[in-house]
Each structure stands twice: as structure tokens, then as C-alpha cells.
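Chains as they are written, first to last, in numbering that gives the first Met the number 0: chain U, 0 to 344; chain C, 0 to 344. Beta carbons: idealized from backbone N, C-alpha and C, even for Gly. Just so you know, these numbers come straight off a predicted model, no measurement behind them.
Protein chains: 2
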Amino acid sequence: MGITIYDIAERAGVSIATVSRVFNAKPRVSKETRETVLRVAEELGYQPHASARSLARRQTETISAVIPMISNNFFAEVLKGLQDRMSTSTYDLLVFSAPTLEDVRPLLEKAMHRGRSAGVLLFSAPVQNGMEVQMSKGGQPVVLVDSYHHAFDSISTDNRRGGTAAAEFILSSDVQRPVVLMASPDSIPASQRLEGFRSTYEASGRTFSPDMVSVASRSAEFDGFSEACGYSGMKEFLKRDEKPDAVFATSDIQAIGAMQAVREAGLNVPEDIQIIGFDDLPMSRHLGLTTLRQPMHDIGSRAFDLLIERIQRPDTPVAHTVFAPSLIERQTTRRETVHNLETAS
Amino acid sequence: MGITIYDIAERAGVSIATVSRVFNAKPRVSKETRETVLRVAEELGYQPHASARSLARRQTETISAVIPMISNNFFAEVLKGLQDRMSTSTYDLLVFSAPTLEDVRPLLEKAMHRGRSAGVLLFSAPVQNGMEVQMSKGGQPVVLVDSYHHAFDSISTDNRRGGTAAAEFILSSDVQRPVVLMASPDSIPASQRLEGFRSTYEASGRTFSPDMVSVASRSAEFDGFSEACGYSGMKEFLKRDEKPDAVFATSDIQAIGAMQAVREAGLNVPEDIQIIGFDDLPMSRHLGLTTLRQPMHDIGSRAFDLLIERIQRPDTPVAHTVFAPSLIERQTTRRETVHNLETAS
DNA sequence: CTGAAAGCGCTTACAG
DNA sequence: CTGAAAGCGCTTACAG
Chain U
0 MGITIYDIAE RAGVSIATVS RVFNAKPRVS KETRETVLRV AEELGYQPHA
50 SARSLARRQT ETISAVIPMI SNNFFAEVLK GLQDRMSTST YDLLVFSAPT
100 LEDVRPLLEK AMHRGRSAGV LLFSAPVQNG MEVQMSKGGQ PVVLVDSYHH
150 AFDSISTDNR RGGTAAAEFI LSSDVQRPVV LMASPDSIPA SQRLEGFRST
200 YEASGRTFSP DMVSVASRSA EFDGFSEACG YSGMKEFLKR DEKPDAVFAT
250 SDIQAIGAMQ AVREAGLNVP EDIQIIGFDD LPMSRHLGLT TLRQPMHDIG
300 SRAFDLLIER IQRPDTPVAH TVFAPSLIER QTTRRETVHN LETAS
Chain C
0 MGITIYDIAE RAGVSIATVS RVFNAKPRVS KETRETVLRV AEELGYQPHA
50 SARSLARRQT ETISAVIPMI SNNFFAEVLK GLQDRMSTST YDLLVFSAPT
100 LEDVRPLLEK AMHRGRSAGV LLFSAPVQNG MEVQMSKGGQ PVVLVDSYHH
150 AFDSISTDNR RGGTAAAEFI LSSDVQRPVV LMASPDSIPA SQRLEGFRST
200 YEASGRTFSP DMVSVASRSA EFDGFSEACG YSGMKEFLKR DEKPDAVFAT
250 SDIQAIGAMQ AVREAGLNVP EDIQIIGFDD LPMSRHLGLT TLRQPMHDIG
300 SRAFDLLIER IQRPDTPVAH TVFAPSLIER QTTRRETVHN LETAS
């Protein structure tokens with residue numbers, strides 16, 4: 000059905016080898032033959048066959064991305080950064096989206112199939128048990144995005160530091176009863192954010208009790224990174240006699256759910272309750288949400304660069320890229336005491 | 000580097016043909032040889048080479064999705080429906096994301112490359128000029144998602160009807176000065192939503208003047224489907240002496256931007272201004288947004304089914320699937336007169 | 001039930 | 001600068 004290299008060779012009166020050469024921009028071809036080949040190819044509407052090419056070249060120009068919960072806004076943004084970066088390359092992107100963290104394993108397996116792609120980007124999944132082995136002997140390099148493991152390249156945000164920044168912000172204000180809206184305990188990033196918050200808070204001399212945090216169920220949709228989780232968690236907090244006066248959510252999406260719960264309770268943000276999120280989704284700006292920004296776009300584009308680098312130079316030492324989150328102050332918080340702050344964003 | 004069919008044939012003491020047979024679940028293989036082959040393959044960690052396989056079979060088990068602006072929430076949801084459906088199939092998904100509608104053309108071209116995929120899903124892009132030809136003679140079938148063209152299978156929402164429903168809702172209330180927040184004029188879906196609204200509104204005897212609609216600029220990010228556009232459009236409306244008392248946005252995301260603008264102006268939703276969106280994104284429920292729901296998940300899964308159907312039976316007549324949007328009433332609107340409503344959601 | 005062989009559409013030394 | 005030929009890793013009639 001398709002027209003091949005043979006068709007154009009015949010019609011141009013040359014061998015298939017020279018046809019191949021012109022399509023691979025090899026130098027040793029005379030200008031005239033190059034031109035006729037190109038013309039004939041154009042006439043016939045020739046397109047190289049992707050599979051044949053990668054089989055012969057013993058390499059493929061596609062990469063795989065294994066992503067849990069693709070409709071998550073954070074991933075969507077990172078993906079956008081990735082795609083923007085890829086649009087100027089010749090690589091294609093194969094996307095494997097896992098409904099839950101459980102499904103990541105088999106999908107990774109699939110993505111690692113020989114000849115399918117040249118490398119894989121594994122998003123936000125903890126590397127556990129046999130996965131490490133599977134990844135090492137898979138033949139293609141994998142780089143971790145929003146995750147960490149000493150044996151693989153990774154790119155992530157300093158979640159602990161983000162938690163610390165949130166705590167510092169709260170400690171420097173007049174907040175008395177902060178609470179934390181945490182995602183699933185299985186989520187490494189969320190755990191680190193909580194931990195950064197907790198340790199910094201305690202370091203100030205105040206006590207951080209377990210009832211100050213609402214943890215999403217392990218089976219929660221999107222690992223607890225959802226409005227629903229933020230909403231219901233906040234509802235619970237609001238039932239207390241002593242209502243919280245500030246909440247740190249481990250993601251913007253949870254913070255948005257919390258905002259809604261607060262409003263429904265007839266309370267005001269930030270007057271009654273201040274809210275801090277994590278991510279800085281595009282919508283957060285318009286919602287006036289104070290948050291810890293992750294450079295999602297950069298994470299995506301860097302991930303691509305790292306993977307390509309690794310594909311081309313497999314023996315480079317493993318590298319970990321960590322971005323620092325930055326506090327973006329907006330309307331959901333107010334700063335009472337403005338000491339210790341050199342720059343306001 | 001990789002271990003091939005030859006390795007396992009040798010080690011199992013059989014020919015490569017029989018090895019191939021067991022991996023293709025062909026019937027004519029004795030139980031014993033099947034078992035030894037499988038065992039040896041397991042030992043050696045054999046994986047079939049994807050490219051070689053599709054070259055030999057003359058078919059590939061991957062499909063392509065060409066999507067403008069992948070970080071758009073609507074697409075993310077449709078993609079999720081698609082992926083959920085695909086997870087039980089053996090197909091892989093190649094994603095081509097276009098930063099703008101301009102980039103769709105070249106990406107589609109790329110996606111149509113021979114041997115790359117068995118079919119393509121083209122999202123939300125108007126089929127214009129030469130695209131039709133390119134798509135017809137591309138060799139692989141394409142189905143349109145959230146778009147329409149008589150010559151290709153398509154799956155979409157009845158946007159006009161959604162606009163009509165929004166207008167009817169408003170007409171049955173005490174709203175006096177409704178306005179519309181429209182996305183880019185280049186967007187077919189947005190145009191249809193507006194048109195449905197306009198015609199129904201006028202049919203009631205009221206006049207619909209051009210200054211009742213705020214149209215996003217052609218160069219607006221995400222074709223105007225963004226909080227930023229809803230926000231700025233609403234800001235303009237609020238500068239008027241006679242402020243609107245209801246707004247119909249052509250997407251939820253614009254509606255969310257509008258909500259923020261209203262709040263910042265010190266006005267209340269729905270008391271001062273009622274808001275209706277379009278899509279019913281997951282977050283809309285938690286924001287209490289009244290909207291016209293599109294079954295995004297179903298759109299995604301149906302799209303997959305349609306494409307596979309078309310791949311398998313290329314000569315089936317072209318089919319168009321149209322989903323009816325449904326009005327979901329929530330807190331951003333209030334119904335004064337409750338006549339003509341059998342079921343409240 | 002099993003094997004030898006041709007073929008899928010390209011790339012790439014090797015000669016010339 | 002160009003061609004003949006082998007090879008990439010699999011599938012699939014065709015014989016047996």
C-alpha cells in the first residue's frame with residue numbers, strides 16, 4: 000500500500016542505497032541525483048517507514064513517559080513543558096498513563112519493551128522492590144521525574160524545603176492553630192512536604208501534634224491530590240470547637256477544595272483562615288492562592304534534556320537535579336509581621 | 000545487545016519459526032515445545048522487538064493522538080478516558096501536543112507517517128484547506144474528537160444545544176442583563192456554544208446585542224480557554240455602569256476566572272451575578288459551578304473504540320457520534336422560577 | 001506439529 | 001559519487 004524506497008529508486012533511476020542516503024542527509028551524493036530523488040519522492044508522496052528505519056538503525060527516536068493519573072494538573076503542566084521542548088526535536092512521545100500507582104509497574108514493563116523507545120521518563124512513582132532491577136536491565140535508560148532513587152537520574156523539587164518555607168511563613172505570622180492537609184501517606188512528595196513543615200514548626204519550640212494533620216486515605220483517588228480530598232479534610236477540621244486559622248495543603252488542588260469548604264462554612268479567607276498550597280498551578284494565580292511554586296514547565300523540559308543526554312552518553316555518572324520551590328504570596332494569606340523578608344514576590 | 004528469537008531458538012533446540020509461533024499464540028505447537036520455549040524465554044528475559052514485529056506484520060499496535068494544548072483540563076480529562084479504555088487493550092499511545100492551533104498541521108503530518116501508528120485521533124482542530132486531502136491519503140484512518148467534518152468519523156458534544164440550554168435556563172430566571180464570555184472566534188466549539196445561546200435568547204423576543212459578548216483574542220493562550228481570559232473579560236464587563244447579572248462562559252475554566260473577578264470586585268455569586276460554565280471539570284463540582292456537562296471520559300473511551308473499529312473495518316460508512324450536554328445546577332446560579340423542570344440534579 | 005526460506009522497508013559498511 | 005549485498009528481528013505461507 001505504501002510507497003517505498005524501491006519505488007522511488009526505480010523511478011529516479013538510482014539504487015535504493017542512494018535514495019536512503021539522500022533521506023539521511025549523508026554527504027556523498029551529487030547535487031543532481033539528490034534533487035531528482037527528492038523530486039520523485041515528493042511526487043510520489045514518499046514517507047520513510049518508521050519501524051523499518053528504527054529496526055535497521057538499531058535505535059528509535061521515541062521516548063516513553065509513564066505517568067500515574069494523567070489528568071492531574073501537575074502532570075499536565077510538566078507534560079506541557081516536556082512537549083514544548085520536544086517539539087523542536089525529532090523525538091516522539093509514547094504515553095503510558097496509570098490509573099493508580101499499582102498500575103505503574105506493568106506499564107513500566109510495557110514501556111521498557113525492546114525497540115519501543117530509546118528511554119523512559121518515570122513520573123512520581125516510588126521505585127520499590129523489584130522495579131530497580133527491572134529498570135537497570137531493561138536496556139533503555141530511565142530518568143525519574145518528581146521522584147528519587149540513588150541509582151537513577153532524577154529531577155524533582157525540594158519538597159522538604161517547601162514544607163519548611165510554609166512553616167516559616169506561618170511562624171512569622173500571627174497564626175495560632177495551623178493544620179496540614181496531607182495527600183496519601185504513600186506519596187513521597189507529600190510526605191516530604193509534611194515532614195519539612197513539621198520539623199521546622201517543632202524547631203521553633205511549638206508542638207506539632209498528630210491531630211494537626213488530615214491524611215488522605217491510601218485508596219483516595221489521585222493519591223489524595225484532589226479537590227475532593229482537600230474539601231472533605233477541611234470539612235472535618237471545621238467541625239472542631241477550636242477551628243484552625245491557617246492550613247497548609249500539600250498541593251494547590253487540595254487547597255482549592257479547602258477554600259470551597261471554608262466558604263461554605265461561611266468563613267472568610269484569609270481573615271478567618273489563611274491557606275497555602277503547593278505547586279502554583281496556572282489557575283492558582285487567578286484564585287489568589289498563596290503557594291509554593293514548582294517550576295513545572297522547567298521540570299518537563301529538563302527531564303527531556305536529561306533523558307536524551309543519558310541516551311547519548313550512557314556512562315555519564317548519575318545526576319540528580321533538584322529545584323527549589325519558591326513562596327508566592329497572594330490573597331489567601333496576609334502577612335502581619337514583615338520582618339526577615341528581603342524580597343516580596 | 001538485546002536477546003532475540005534466534006537466541007532462544009538455539010537454546011531451546013527449535014527453529015525460530017516455532018519460537019515465533021508460541022509468542023503469537025498460534026495453535027499448531029505441541030505443549031512440550033511451547034513450554035520449553037516459554038521457559039527459555041523467561042530465563043533469558045526475552046522481549047519481542049516492537050519495530051521488527053510491526054514491520055513483519057505490516058501493522059502496528061499504536062495509535063496517535065494529536066492534541067492542541069495538552070495541559071488544558073478538558074483534554075486531560077478526555078485523555079484519561081482514552082487511557083483508561085486503552086489500558087485493557089494492547090495498543091500504545093503516541094501523543095503529539097501542539098502549542099497552538101497553528102502547530103497542529105505539521106504534527107498531524109508527523110503522526111501520519113507510515114508505520115508509526117495504525118490510526119490517529121485528531122483533537123479539537125478545525126479541518127481546513129489541504130488537511131482533508133492529507134488525512135484521506137495518509138493511509139491511516141483518523142477520527143475527529145471534539146470536532147466535525149463530514150468526511151471523517153467524529154465524536155463530539157452538541158455545543159449548540161448546550162448554548163441553547165444555558166439561554167433557556169437564563170430566560171426562565173429573573174436575569175435581566177446576561178453576558179457571554181466567549182473563547183477565541185477561531186474555536187468551533189466556542190462559536191457553536193455562543194450561537195446556540197444567541198439564537199435561543201433572541202427567539203424569546205429579547206435582543207442580543209454584540210456588546211453582550213466578550214470575545215477572546217485570536218492569539219490568546221489556549222485559544223481563550225483559560226482563567227486569564229475569563230478573568231479579564233469579566234473585569235471589562237464589571238466596569239460598565241449597568242453591570243451584568245449573569246454570565247455564560249464557553250468553558251468552566253473561563254467561568255472560574257470570571258468568579259475570581261467578581262469576588263475581587265466585592266460582588267457576590269450568585270446574589271449579584273450568576274455564573275454558568277461549560278464542561279463540568281472535576282474541580283467544578285467543588286467550586287459549586289453550574290455548568291453544561293460534557294461526558295469527557297466517555298468521549299475519550301468512545302474515541303478509542305471508534306478508531307479501532309475503523310482500523311479493523313476501513314470500509315464502514317463514516318459515523319458521527321454526538322453527546323448531549325446536560326445542565327448541572329449548583330451554587331453559582333439560583334433558580335427563581337422552578338417551572339418546566341421535572342428533575343433537579 | 002515443525003522447519004527452511006522469503007519478505008517487511010530500511011541502513012550501512014564494502015567495493016568500485 | 002554510487003551500487004550490490006548483508007543485516008536489523010520478526011512473521012508467515014509453503015512444505016513436510
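The region 112 to 143 of chain C: positions lying closer than 8 Å to chain U by Cβ: His112, Arg113, Gly114, Arg115, Lys136, Gly138
Find the residues of chain U that neighbour Ala227 (chain C), judging by a C-beta separation of less than 9 Å, and give them in chain order. Pro281, Arg284, His285
Presumed contact (8 Å Cβ cut-off) between Ala318 (chain U) and Asp152 (chain U), rounded CB distance:
5 Å
Beta-carbon gap between Pro67 (chain U) and Val126 (chain U) smaller than 9 Å
no
With a threshold of 8 Å, are at least 3 pairs of Cβ atoms found where one atom belongs to the region 48 to 55 of chain C and the other to the region 261 to 276 of chain C? no
I need the boundaries of the beta strand (DSSP E) containing Asp278 (chain U), first residue and last residue.
273 to 278
Below 8 Å on C-beta distance, what does Asp91 (chain U) contact in chain C?
Leu93, Phe95, Lys109, Arg115
Query raised in the report: Quick one, which residues of the region 248 to 272 of chain U are near chain C if we go by CB-CB under 9 Å, in chain order?
Result: Ile252, Ile255, Gly256, Met258, Gln259, Ala260, Arg262, Glu263
Beta strand (DSSP E) segments (min. 3 residues) lying fully within the region 247 to 325 of chain U: 273 to 278, 289 to 292, 319 to 322
Extent of the continuous beta strand (DSSP E) to which Ser63 (chain U) belongs: 61 to 67
At least one CB of chain C closer than 9 Å to the CB of Arg334 (chain U): is that the case? no
Discussion item. So, for Gly118 (chain C): in the same chain, excluding its five sequence neighbours on each side, which residues have a beta-carbon less than 6 Å away from its beta-carbon?
Written reply: Ile62, Gln139, Pro140, Leu306, Ile310
Neighbouring residues, chain U, relative to Gln46 (chain C) (Cβ below 7 Å): His112, Arg113
So, does the CB of Ile15 (chain C) fall closer than 9 Å to a CB anywhere in chain U? no
- Message: So Thr59 (chain U) contacts chain C; which residues on that side make the cut at Cβ distance below 9 Å?
- Response: Ala49, Ser50
Quiz item: What residues in the region 298 to 332 of chain U have a beta carbon less than 8 Å from any beta carbon of chain C?
Solution: none
Exercise. Quick one: is Tyr5 (chain C) buried, meaning 16 or more other Cβ sit within 10 Å of its Cβ, or exposed?
Worked result: exposed
Determine, for Met373 (chain C), whether the minimum Cβ-Cβ distance to residues of chain U falls below 9 Å. Given a span of 0 to 344 for chain C in the structure shown, any question on residue 373 (chain C) remains unanswerable.
Closer than 9 Å, CB to CB, is Ala40 (chain U) near chain C or not?
-> no
message = For Glu31 (chain C), tell me which candidate among C:Gly12, C:Ser155, C:His285 has the shortest Cα-Cα distance.
response = C:Gly12
Any residues in the region 233 to 247 of chain U with a beta carbon nearer than 9 Å to a beta carbon of chain C? Which ones, in chain order? none
Note to self: Applying the 10 Å Cβ sphere with the 16-neighbour rule, what's the burial state of Ala202 (chain U)?
What the structure shows: exposed
query = In chain order, what residues of the same chain have a beta carbon less than 7 Å from the beta carbon of Ala40 (chain C), not counting five sequence neighbours either side?
reply = Ile7
What does a CB cutoff of less than 6 Å around Met233 (chain C) pick up in its chain, not counting 5 residues either side in sequence?
-> Ala257, Ala260
query = Who does Arg327 (chain C) pair with in a DSSP beta bridge?
reply = The sequence shown places Ile at residue 327 (chain C), rather than the Arg named in the question. Note: Ile327 (chain C) sits in a beta bridge opposite C:Thr290.
Classify Pro26 (chain C) as helix, strand or coil using the three-state DSSP reduction. coil
Handout entry: Three-state class that DSSP yields for Phe95 (chain U) in the structure shown
Key = strand
Would you mind giving the Cβ-Cβ distance between Ala302 (chain U) and Arg160 (chain U), rounded to the nearest angstrom? I have them listed as a contact below 8 Å. Not confirmed; about 20 Å, so no contact.
* Asked: Over what stretch of residues does the beta strand (DSSP E) that includes Val178 (chain C) continue unbroken?
  -> 177 to 181
Chain C beta carbons: is any one of them nearer than 9 Å to that of Gly1 (chain U)?
yes
Review point. Name the DSSP beta bridge partners of Ile154 (chain U), please?
Key: U:Val144, U:Thr320
Q) Since Ala215 (chain U) meets chain C, which of its residues come closer than 9 Å, beta carbon to beta carbon? A) Within chain C, no residue comes near Ala215 (chain U); the closest Cβ sits about 15 Å away, beyond 9 Å.
Simplified DSSP state of Phe346 (chain C), which is helix, strand or coil: Residue 346 (chain C) falls outside the range modelled here, since chain C spans only 0 to 344, and no answer is possible.
- [ ] Answer with yes or no whether the minimum CB distance from Glu76 (chain C) to chain U is below 9 Å.
- [x] yes
**Bridge partner(s) assigned by DSSP for Phe122 (chain C)** = C:Val144
Please classify Arg292 (chain C) as buried or exposed, where buried requires at least 16 other C-beta atoms within 10 Å of its C-beta.
buried
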